[in-house]
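These protein sequences, in sequence, are chains A and B.
Residue 265 in our numbering sits at position 263 of the first sequence, with consecutive numbering throughout.
Residue 177 in our numbering sits at position 175 of the second sequence, with consecutive numbering throughout.
Protein chains: 2
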Amino acid sequence: MNEIRTRSPRRRQATVTIHDVAARAGVSVATVSRVLNGKQLVRPETAVHVLSVARELHFVPNVAARTLSIRRSQTIGIVLPDVHGEFFSEVIRGVDVAARKAGYHILVSGSHSDPGEMMEVLEAMRGRVDGLVVMAPDATLSALGKSRTADLPLVLLNTVDDAHDAITIDNYGGARAMIRHLAQLGHTRIAFIKGPDGNADARERLRGFRHAMRAIPGGEKLELAGDFTERSGYAAALHLCGAADPAAKPADSAAKPADSAAKPAGGVAGATPTGTTPTAIFAANDSMAIGALSALADRGIAVPGEMSVAGFDDIPIAHYVAPPLTTIAVDIAEMGRRAFALLSESLGEHRHPKRQECISTTLVVRKSCAAPHSQVK
Amino acid sequence: MNEIRTRSPRRRQATVTIHDVAARAGVSVATVSRVLNGKQLVRPETAVHVLSVARELHFVPNVAARTLSIRRSQTIGIVLPDVHGEFFSEVIRGVDVAARKAGYHILVSGSHSDPGEMMEVLEAMRGRVDGLVVMAPDATLSALGKSRTADLPLVLLNTVDDAHDAITIDNYGGARAMIRHLAQLGHTRIAFIKGPDGNADARERLRGFRHAMRAIPGGEKLELAGDFTERSGYAAALHLCGAADPAAKPADSAAKPADSAAKPAGGVAGATPTGTTPTAIFAANDSMAIGALSALADRGIAVPGEMSVAGFDDIPIAHYVAPPLTTIAVDIAEMGRRAFALLSESLGEHRHPKRQECISTTLVVRKSCAAPHSQVK
DNA sequence: CCGCAAAATGTAACCGGTTACATACAAGCG
DNA sequence: CGCTTGTATGTAACCGGTTACATTTTGCGG
Chain A
3 MNEIRTRSPR RRQATVTIHD VAARAGVSVA TVSRVLNGKQ LVRPETAVHV
53 LSVARELHFV PNVAARTLSI RRSQTIGIVL PDVHGEFFSE VIRGVDVAAR
103 KAGYHILVSG SHSDPGEMME VLEAMRGRVD GLVVMAPDAT LSALGKSRTA
153 DLPLVLLNTV DDAHDAITID NYGGARAMIR HLAQLGHTRI AFIKGPDGNA
203 DARERLRGFR HAMRAIPGGE KLELAGDFTE RSGYAAALHL CGAADPAAKP
253 ADSAAKPADS AAKPAGGVAG ATPTGTTPTA IFAANDSMAI GALSALADRG
303 IAVPGEMSVA GFDDIPIAHY VAPPLTTIAV DIAEMGRRAF ALLSESLGEH
353 RHPKRQECIS TTLVVRKSCA APHSQVK
Chain B
3 MNEIRTRSPR RRQATVTIHD VAARAGVSVA TVSRVLNGKQ LVRPETAVHV
53 LSVARELHFV PNVAARTLSI RRSQTIGIVL PDVHGEFFSE VIRGVDVAAR
103 KAGYHILVSG SHSDPGEMME VLEAMRGRVD GLVVMAPDAT LSALGKSRTA
153 DLPLVLLNTV DDAHDAITID NYGGARAMIR HLAQLGHTRI AFIKGPDGNA
203 DARERLRGFR HAMRAIPGGE KLELAGDFTE RSGYAAALHL CGAADPAAKP
253 ADSAAKPADS AAKPAGGVAG ATPTGTTPTA IFAANDSMAI GALSALADRG
303 IAVPGEMSVA GFDDIPIAHY VAPPLTTIAV DIAEMGRRAF ALLSESLGEH
353 RHPKRQECIS TTLVVRKSCA APHSQVK
C-alpha cells in the first residue's frame with residue numbers, strides 16, 4: 003500500500019513539483035524549499051545535490067502556490083488613462099526595466115477614459131499585485147481612497163496628493179524656464195495657450211507661466227483657452243492674429259481680481275493686453291503649439307520671423323514640424339523608473355512618510371523661437 | 003473550546019476568506035463557492051443570501067488560491083522587442099481591451115533587444131500566464147521551440163511560422179497597393195529603399211514591390227539598401243540623386259537571374275536601370291521616407307514636383323512632415339485584438355490546427371506623390 | 001564516553017480556494 | 001410504505017508551495 007504514492011497513473015501530465023524533487027533527492031520538501039530560496043542553513047553538499055536534481059527534473063516552482071503561501075505576487079500593476087502612445091510606452095518602459103531588475107513583473111491596463119472603469123480595473127488587480135503605479139484623474143483618485151484597494155502600496159503619477167507617494171513632472175519649472183528663454187530673446191508680450199481646466203499638468207504650467215511673466219520688466223501676458231488638442235491650438239492662434247479683440251480671458255472673470263489682489267508685487271500684472279499683439283506664443287503642450295503653427299502658416303505669418311512659438315513635452319513630432327519646435331523635454335521613462343523605485347521601498351514595509359518627487363525638465367531650443375522682429379517696438 | 007475558531011486574535015488583518023462567508027451565512031464553503039461561480043445547482047434563496055453576506059463582508063476571492071486550484075491565472079503575457087512607442091502602445095491597447103472584455107489581465111514585458119534576455123522573460127512568465135502574445139526575432143523563436151514554455155498557447159506577431167498561430171501584417175499587399183498607386187499616377191521608374199535583411203516585414207514589402215513592378219509596362223525598378231532608420235533613408239536618397247552611378251543592387255548579385263528566370267512573364271523585368279533616374283521613391287517604412295524627404299530638401303529637389311516619395315506604416319509624424327507623406331496605414335490595435343481572439347480560442351483547448359491571419363493595410367494618399375514632372379519622358 | 005548546544009533536516013499545518021464524492025432530504029411510483 | 005431518483009448541501013482531499021516546530025545529527029568540552 004505504500005508504493006502507491008510514487009505515481010498516480012492518470013493526471014499529472016508534465017508538472018514537476020517540489021515533492022518530486024524531494025523524493026528524487028532523498029530529502030524532505032522543506033530542505034528543497036530551503037535550498038531553492040537560499041535562506042536557511044543547509045549543508046552545502048545537500049544544496050548542490052538538490053540543485054542538480056531540480057535541474058535534472060526541470061523543476062519550476064509553481065508561482066500561484068508560492069504567492070498563496072507567502073502572500074506576495076512579485077507583480078506590480080500599472081494603470082494609465084488614455085494618454086498618447088509615446089507617453090504610454092515610455093512610462094511602461096521605465097517601470098518595466100526597473101521592475102525586472104528587481105524581479106518584479108508588471109500587470110498593465112491602459113487607455114481608460116472613464117473613471118468608473120478605472121476603478122473597476124484597480125479593484126480587479128487586488129490580490130494580483132503587490133503595489134500600484136497609477137495615473138488617474140482626481141475623480142478616480144478620491145474613489146480610490148474609499149476602496150479597499152487603498153491598502154496597497156501606491157505611487158501616483160502627475161498628481162499631487164500628500165496622502166500618497168507621487169512622482170510629478172516639474173511643469174511649473176519648465177514653464178518658467180521657457181518664459182525666461184523667451185524673455186532672454188527679447189520677448190515681453192507673450193501669449194499662453196492654456197490646457198484643460200481639470201488637468202493638473204495644465205494648471206502647473208499656467209502657474210509657471212504667470213509667475214515667470216511677473217519677473218519680466220514691462221511684460222504683458224495674454225491667456226487663451228485650449229484643451230491640449232491640436233485643433234484648440236489652431237483656434238487660439240487664429241483668434242490671436244485675427245483681430246485685436248480682447249477675448250483674452252474668456253471664462254474666469256473672477257480669477258483676475260483674486261489673482262492680482264493676492265500678488266500686487268508683479269507691478270505689470272494689471273496691464274491691459276488689449277490691442278497689443280504678442281510677439282510669442284507659448285502653448286501648454288506641443289500638440290497645441292503645432293496647431294498654432296498651422297494657423298500661423300495659414301495666415302502667412304512667418305515663424306519665427308514674425309511670431310515665435312513654443313510648446314511643452316517634446317513629443318517626437320516636435321522635431322519634424324516646420325520650423326522645428328522649441329519646447330520643454332520631459333523624461334517620461336525616468337518617471338517610470340522613479341515610480342518603481344519609490345514603490346519598491348514601500349513594498350518592504352508599509353507606513354513610511356509619503357514622499358513626492360519631481361522630474362526636472364529640459365529646455366530644447368529648435369527653430370521656432372527667435373528675437374522679436376520689431377525689437378525697437 | 004468550540005468558539006475559538008471565530009477569530010484568532012493575532013494574524014488575519016483584513017482578509018475575509020470564503021470560510022468567513024460560509025460561517026456567517028450558515029452554509030459550507032462548497033456552497034459559497036458554487037454561488038460565487040454560478041455554475042452548480044443552488045437553491046435561489048440560498049444564493050441570494052450568500053451573495054448578500056459576501057457583499058456585507060466585502061469578500062474578495064484570493065486570486066492565488068483560485069489560480070492554484072483551477073490551474074488558470076486568467077492572465078496572458080505580452081512580450082515585445084524594442085519597437086517604437088506608437089506601435090508598442092497600440093498593440094497593448096488592442097490586446098488589453100479584448101482581454102479585459104474576456105476577463106483576462108495582461109502581463110507585459112517590452113523593449114527587448116537581446117534574444118537571450120527575451121527568452122528569460124518568457125521563462126519567467128511560466129506559471130503566471132495562460133497564454134502568450136509574442137513578437138520575437140527568429141533567433142528567440144527557435145529557442146522558444148525547445149523551451150518548456152512552448153506548451154503554452156502562443157500567438158506570434160509578424161512572423162510566419164506554421165508551427166504556431168500568427169497574426170501578420172499584409173506587407174506584401176500594402177507594397178503592391180502603393181506601387182499600383184504610383185503606376186496609376188504615371189510612374190514607371192521607381193526606386194525602393196529596402197529594410198534590414200533579417201526583418202520579416204522588410205522582406206515582404208520588398209517582395210510586394212518586386213512583384214508589382216513586374217506588372218508595370220515599361221517599369222524599371224531600382225533597389226537601395228536601408229535599415230529602417232531615418233539616416234539610412236537620407237543616405238539612400240542622397241545616393242540616388244547624387245549621380246547616375248549604378249549602385250542599384252549592392253549585395254545580392256545572385257538574386258537577379260533566379261528572380262527573372264522564375265517569372266519571365268513580366269517582360270520588362272530585365273531592363274537595366276543604370277543611367278535613368280527614377281521619378282518616385284518608395285521607402286520600406288516611414289522613417290526612411292522622411293529621411294529621404296530631408297535629403298531631397300537639402301538637394302533642392304521639389305517633392306512631389308520633381309520626385310514623389312512614399313512610405314509605409316503611417317506613423318503619426320507622416321502627417322506632419324512637409325509635404326505630408328503618402329503611405330500605407332496599418333491598424334496595429336487590430337492586430338492586438340485579433341491576436342487575443344486567436345489566443346482565446348486556444349485557451350479553451352489545446353491542439354487545434356494552427357492558423358495565420360493577416361491584417362490588411364490601407365493606402366493613405368497625402369501630398370508627397372504626384373504625376374511625374376516630365377510625363378512625356 | 002557523556003551531555004549538551006548548535007546545526008541539519010523532517011513533519012505537518014497552514015495559505016484560500018475548488019470539486020469529487022458523500023450525505024440528506026423530498027418527490028414520485030409500484 | 002419502501003424504494004428509486006433527483007436536488008441541495010456538506011465534507012474533506014486536493015492544488016504546490018512555505019515555515020514553525022519537532023526531531024535527529026554533529027561537534028566539542030569535560
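Idealized CB from N, CA, C, for every residue including glycine.
All values derive from a computational prediction rather than experimental measurement.
- request: Using 10 angstroms around the beta-carbon of B:Gly220, count the other beta-carbons present and answer buried if the total reaches 16, otherwise exposed.
  value: exposed
- Query: Is the CB of A:Glu88 under 7 Å away from at least one CB in chain B?
  - Reply: yes
Practice problem: For chain B, find out if any of its Cβ atoms is closer than 7 Å to the Cβ of A:Leu231; answer yes or no. | Solution: Inspection of the sequence shows that residue 231 of chain A is occupied by Thr rather than by Leu. Not one chain B Cβ lies under 7 Å of A:Thr231.
Apart from the five residues on each side of it in sequence, which residues of its chain come closer than 6 Å, Cβ to Cβ, to B:Asn173?
Asp203, Glu206, Arg207
Where do the N-terminal and C-terminal ends of the alpha helix (DSSP H) with A:Phe342 fall, by residue?
334–350
#### Entry: Coarse secondary structure for A:Glu222, derived from DSSP in three states
strand
Item to complete: Taking a Cβ distance cut-off of 9 Å, strictly less, list which residues of the stretch 331–349 of chain A are near chain B, in chain order.
Response: none
Looking at C-alpha atoms only, which residue of A:Ser234, A:Ser144, A:His241, A:Ile181 is the closest neighbour of A:Arg216?
A:Ile181
Practice task
Tell whether a beta-carbon distance below 7 Å holds between A:Asp316 and A:Ala294.
Solution key: no
Exercise. Which class does A:Gly313 belong to by DSSP, given the choice of helix, strand or coil?
Worked result: coil
>> Would the stretch 117–136 of chain B count as touching the stretch 153–173 of chain B if we require 3 or more Cβ pairs under 8 Å?
In response: yes
*asked:* Can you tell me whether B:Gln42 is helix, strand or coil according to DSSP?
replied: coil
Counting contacts by CB-CB distance shorter than 7 Å, is A:Ser91 in contact with chain B?
yes
For A:Gly118, report the span of its alpha helix (DSSP H) as first-last.
117–126
Range of the contiguous alpha helix (DSSP H) that encloses A:His213:
202–216
What residues from chain B crowd round A:Thr69, counting only those whose CB sits closer than 7 Å? Ala66
Range covered by the beta strand (DSSP E) that runs through A:Arg191:
191–195
query = Anyone know if the C-beta pair for A:Leu224 and A:Ile195 falls short of 7 Å?
reply = no
Subject >> Any C-beta of chain B under 7 Å from that of A:His375 >> reply: no
| message | If the cut-off is 7 Å on Cβ atoms, which residues from the stretch 301–317 of chain A count as contacting chain B, listed in chain order? | response | none
**Prompt:** Nearest-angstrom Cα distance between B:Ala49 and A:Gly118?
**Reply:** 27 Å
>> Taking the straight line between their C-alpha atoms, what separation do you get for B:Met386 and A:Gly105?
In response: Residue 386 of chain B falls outside the range modelled here, since chain B spans only 3 to 379, and no answer is possible.
Could you give the first and the last residue of the continuous beta strand (DSSP E) run that contains B:Gln358? 358–361
Given a cut-off of 7 Å, decide if B:Ala179 and A:Ala66 are closer than it, judged by their beta-carbon atoms. no
What would DSSP say about B:Ala246, mapped onto helix, strand or coil? Low per-residue confidence applies at B:Ala246: pLDDT is 39, beneath 50, and the placement is therefore not dependable enough to give any value.
**Report entry** Sequence-distant residues of the same chain with beta carbon closer than 7 Å to A:Ala168, five excluded per side
**Finding:** Val157, Leu158, Thr161, Val162, Gln358
| task | Scan the stretch 163–190 of chain A and note each continuous alpha helix (DSSP H) run of 4 residues or more that stays entirely inside, going in chain order. | result | 173–187
Notebook entry, point to check: Grouping DSSP H, G and I as helix and E and B as strand, with all else coil, what is B:Phe2?
Noted result: The structure shown does not extend to residue 2 of chain B, since chain B spans only 3 to 379, so no value can be given for it.
Quick one: measure Cβ to Cβ for A:Lys356 and A:Asp164, integer angstroms, because I've assumed they're closer than 8 Å. 6 Å
Check: Apart from the five residues on each side of it in sequence, which residues of its chain come closer than 8 Å, Cβ to Cβ, to A:His375?
Finding: Thr281, Gly307, Glu308
Problem set entry | Whole-angstrom C-beta distance between A:Leu345 and B:Arg109, which should lie under 8 Å | The question names Arg, but residue 109 of chain B is Leu in the sequence shown. Not a contact, Cβ separation roughly 17 Å.
Starting from B:Ile303, trace the alpha helix (DSSP H) both ways and give me its first and last residue. Careful: B:Ile303 lies outside any alpha helix (DSSP H) and carries neither H nor E.
Problem set entry | Neighbour-count burial assignment, B:Thr17, 16 or more Cβ in a 10 Å radius | exposed
Contact list for the stretch 101–119 of chain A against chain B, Cβ threshold 8 Å: Arg102, His107, Ile108, Leu109, Val110, Ser111, Gly112, Ser113
If you measure from the beta carbon of A:Ile319 to each beta carbon in chain B, is any gap under 7 Å?
-> yes
Taking Cβ positions, are A:Thr328 and A:Ala312 nearer each other than 7 Å? yes
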